[in-house]
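First residue of the sequence shown: 27, per this note's numbering; consecutive thereafter. By construction, the Cβ of each residue, glycine as well, lies at the ideal position given by its N, Cα and C atoms. Model, not experiment: these values are computed from the prediction. Step one of this worksheet: look at the structure below.
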Amino acid sequence: MNPLGFIGLLREIYGNKTPDLDRIQKKGLLAVKIAQHYALRIDFLDENVCTHLAKLFRQTNSLPAEDIDKLLHQHVDNIWFDRIKNLQNRPFASASVGQVHRAELEDGTQVIVKIIKQDFTHSFLRDIRSLRNLIR
């Protein structure tokens with residue numbers, strides 16, 4: 027997130043309209059984390075804005091089914107696929123970094139699978155450096 031992106035994020039949060047959660051998510055993980063923090067600040071933000079921003083804790087954009095399959099095949103051993111009888115494509119919850127899916131093992135045991143959407147390390151640290159430079 028560059029300085030203009032940060033200013034845009036603050037305008038999104040403090041603007042006259044309800045913040046656009048998709049627009050915030052497109053700014054990256056740091057923007058989502060900042061907006062999540064603002065969701066907890068009912069002491070100086072309107073309650074409706076805080077309630078709306080709080081959706082970023084559980085209702086973020088999820089990966090499409092084809093991306094989930096590709097991601098799993100890149101990072102999981104084949105034996106794992108032999109043990110899973112059914113993995114629901116649609117997550118029942120999605121957060122900024124990961125999402126969770128219901129699944130069933132071959133013996134019928136119901137389990138939950140958490141999928142990390144991507145490696146955010148590089149982009150998150152880049153955004154931190156950019157904002158640090160802006161503040162200086």
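Suppose contacts are defined by Cβ-Cβ distances below 8 Å. Is residue 129 in contact with residue 151 by that definition? Within the sequence shown, numbered from 1, the residue matching residue 129 stands at position 103. Within the sequence shown, numbered from 1, the residue matching residue 151 stands at position 125. Not closer than 8 Å, so no.
Give me, in chain order, the residues of the same chain whose beta-carbon lies closer than 7 Å to that of residue 47; leave out the 5 immediate sequence neighbours on both sides. Numbered from 1 along the sequence shown, position 21 holds the residue referred to as residue 47. Only 81 and 82 meet the Cβ criterion.
By the 10 Å Cβ neighbour count, where 16 or more other Cβ atoms means buried, how is residue 45 classified, buried or exposed? Here the question's residue 45 lines up with position 19 in the sequence shown. By the 10 Å Cβ count, residue 45 comes out buried.
Label residue 132 either buried or exposed according to how many other C-beta atoms from any shown protein chain fall within 10 Å of its C-beta, with 16 as the threshold for buried. Locating residue 132 in the sequence shown gives position 106, counting from the first residue. Label assigned to residue 132: exposed.
Mind checking which residues open and close the beta strand (DSSP E) that includes residue 110? Position 84 of the sequence shown, counted from the start, is the residue given in the question as residue 110. Where residue 110 is concerned, the enclosing beta strand (DSSP E) stretches over 110 to 113.
So, with DSSP's three-state summary, where would you put residue 144? As a position in the sequence shown, residue 144 is number 118, starting the count at 1. Reduced to three states, the DSSP call for residue 144 is coil.
Taking the straight line between their C-alpha atoms, what separation do you get for residue 72 and residue 37? To locate residue 72, count along the sequence shown from 1; it is residue 46. To locate residue 37, count along the sequence shown from 1; it is residue 11. Each residue's Cα considered, the two are about 14 Å apart.
Span of the alpha helix (DSSP H) holding residue 100? Here the question's residue 100 lines up with position 74 in the sequence shown. Unbroken alpha helix (DSSP H) run through residue 100: 91 to 101.
Start and end residues, beta strand (DSSP E) containing residue 131: To locate residue 131, count along the sequence shown from 1; it is residue 105. Its beta strand (DSSP E) spans residues 124 to 131.
Thinking C-alpha only, which one of 138, 62, 105 and 144 is nearest residue 96? If you number the sequence shown from 1, residue 96 lands on position 70. The residue with the shortest Cα to Cα distance from residue 96 is 144.
So for residue 88, helix, strand or coil by DSSP? Within the sequence shown, numbered from 1, the residue matching residue 88 stands at position 62. Correct three-state label for residue 88: coil.
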